[in-house]
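Here is the structure we will look at.
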Amino acid sequence: IQVPRIHILSQLLVEATEFFHHTLVASVLSVKMYTMPFCRDVAFDAADGLQRIDTMKCTIEHCQRERGFFLIAPEHRLSLELKAKELCISHNKELKHIGSVLKDLVEETLWQNIVDEADEAFHHRFQLIYAVGSVQELPQGNHRWLAAQALLHVLRAGSFSNVELMDEQVTSEEFPKLRIVVEDEEADPKTFRKEVADELTRNLSHQHTWMTNHVFSDTIKRAITDPGFEPGSLLLPEEHMQDVLILRGLVAADLLQHCLKKRHRVDYGIARPGKKRLAIPFRGADSPAERSEFAHPECALVLTILSYYSDGLSRDEIVEALEQLLNLGPSAKRNFYREWFELSAKRMKQEGSPCEKTLDRVEKLDL
Numbered sequence: 003i004q005v006p007r008i009h010i011l012s013q014l015l016v017e018a019t020e021f022f023h024h025t026l027v028a029s030v031l032s033v034k035m036y037t038m039p040f041c042r043d044v045a046f047d048a049a050d051g052l053q054r055i056d057t058m059k060c061t062i063e064h065c066q067r068e069r070g071f072f073l074i075a076p077e078h079r080l081s082l083e084l085k086a087k088e089l090c091i092s093h094n095k096e097l098k099h100i101g102s103v104l105k106d107l108v109e110e111t112l113w114q115n116i117v118d119e120a121d122e123a124f125h126h127r128f129q130l131i132y133a134v135g136s137v138q139e140l141p142q143g144n145h146r147w148l149a150a151q152a153l154l155h156v157l158r159a160g161s162f163s164n165v166e167l168m169d170e171q172v173t174s175e176e177f178p179k180l181r182i183v184v185e186d187e188e189a190d191p192k193t194f195r196k197e198v199a200d201e202l203t204r205n206l207s208h209q210h211t212w213m214t215n216h217v218f219s220d221t222i223k224r225a226i227t228d229p230g231f232e233p234g235s236l237l238l239p240e241e242h243m244q245d246v247l248i249l250r251g252l253v254a255a256d257l258l259q260h261c262l263k264k265r266h267r268v269d270y271g272i273a274r275p276g277k278k279r280l281a282i283p284f285r286g287a288d289s290p291a292e293r294s295e296f297a298h299p300e301c302a303l304v305l306t307i308l309s310y311y312s313d314g315l316s317r318d319e320i321v322e323a324l325e326q327l328l329n330l331g332p333s334a335k336r337n338f339y340r341e342w343f344e345l346s347a348k349r350m351k352q353e354g355s356p357c358e359k360t361l362d363r364v365e366k367l368d369l
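When you number the sequence shown by my numbering, it's gap-free, plus one each residue, and the end is 369.
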């Protein structure tokens, strides 16, 4: 006996549940309605994994006997299918067995799938992709963060044609809110790329000081700005080559421009309170898409930096940053703290704050 399974978009699921309950369940038809909400957070451990699957199987069999139907969201079905695959590739034999049982239940049940709003339900935005395995660092992650920050500081210091930088700087220590507003949609992006590269080479960050008066400086600048250039022709050490490739991705591929065209708290931002510290897409003003994230790592990094520049840090985040600072070596610790302190020293002096003298050295910090 086939089991009807109606797929309703999650935004409409509550309304659809009430509708079906009123018209089918609580009417003279007395049709049984079942739900099977599922997400990847559901744990199938060796102790009760098979019991959970047996409960699901009993629910499906009861639905078949009663000639009822299931009402689910598309992500419930996708999560269940992905959980079965995740368990099947596990190195644990017991979890692999649980995965095979769950996979058999999902695939052998005779579902009669009915999809509402099929064009939306099957759109790639609603397809789920789960990362499996332990967390790994982003390759050259430290270089990527510093390259993004270097370019944003370049934008803060320079002036550029074809674009308008929305500078709303209030105090000396506050980073200005940056967004590019393109007045001419047909403006040539090459001009912006060249101006950014020129300003970057004039105001090199500490990470990129190796470019100063470099013998290949013109070639490096071309690699950063020209999408058609073949960077493999550059003869550079591996670490320096990574810097060039990261800057090339941000500038030549127009990722920097793409990020700066987005509006903070409308297109992206940090969801607070929330589990993620990276910037995530927003559906609208102050409406974060909690389970979404930016697929491109460079976009995620740039938008995360811009979000923290705009929002600032919470008290707990400041304490955590200071703890990380104190774990650095003596020289790095002093240099970073001196840079932070100098940004706020003028304001503290104007306000007559005692912190100007009590916190002027990193050695005076006591957490």
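Think of the CB as a built atom: it goes at the ideal place given N, C-alpha and C, for glycine as much as any other residue.
{"Query": "Backbone secondary structure at N329 - three-state DSSP", "Result": "coil"}
{"Query": "Outcome for F72 when other beta-carbon atoms lying within 10 angstroms are tallied against a minimum of 16", "Result": "buried"}
{"Query": "Residue of A159, I100, M58, V27 minimising C-alpha distance to D47", "Result": "I100"}
{"Query": "The stretch 92 to 111 in contact with the stretch 29 to 41 per 3-pair CB rule at 8 Å", "Result": "no"}
{"Query": "Residues bridged to F71 (per DSSP)", "Result": "M35"}
{"Query": "Cα-Cα separation, I272 to W147", "Result": "17 Å"}
{"Query": "Coil, strand or helix - K181 by DSSP", "Result": "Position check: residue 181 holds Arg in this sequence, whereas Lys was assumed. Residue state, collapsed to three classes: coil."}
{"Query": "Rounded straight-line distance, which links the Cα of F343 to that of E176", "Result": "13 Å"}
{"Query": "Cα-Cα separation between Q151 and Y311, rounded to whole angstroms", "Result": "11 Å"}
{"Query": "For I248, three-class secondary structure by DSSP", "Result": "helix"}
{"Query": "With 16 other Cβ atoms within 10 Å as the buried cut-off, status of E77", "Result": "buried"}
{"Query": "C-alpha gap between F218 and A291, whole angstroms", "Result": "44 Å"}
{"Query": "In DSSP terms, what Y311 is bridged to", "Result": "DSSP output for Y311 lists no bridge partner at all."}
{"Query": "CA-to-CA distance, T193 to L84, given in whole angstroms", "Result": "46 Å"}
{"Query": "Residue nearest to R317 in terms of C-alpha spacing, selected from E353, L369, D269", "Result": "L369"}
{"Query": "Inter-residue Cα distance where the pair is C301 and H145", "Result": "15 Å"}
{"Query": "Contacts around D269, its chain only, beta-carbon distance under 8 Å, and the 5 residues preceding and following it disregarded", "Result": "P283, F284"}
{"Query": "Backbone CA spacing between W212 and L237 [nearest angstrom]", "Result": "14 Å"}
{"Query": "Alpha-carbon to alpha-carbon, L107 and Q209", "Result": "55 Å"}
{"Query": "Buried/exposed call for S1, threshold 16 Cβ in 10 Å", "Result": "Residue 1 lies beyond the stretch modelled for the chain, which goes from 3 to 369, so this question has no answer here."}
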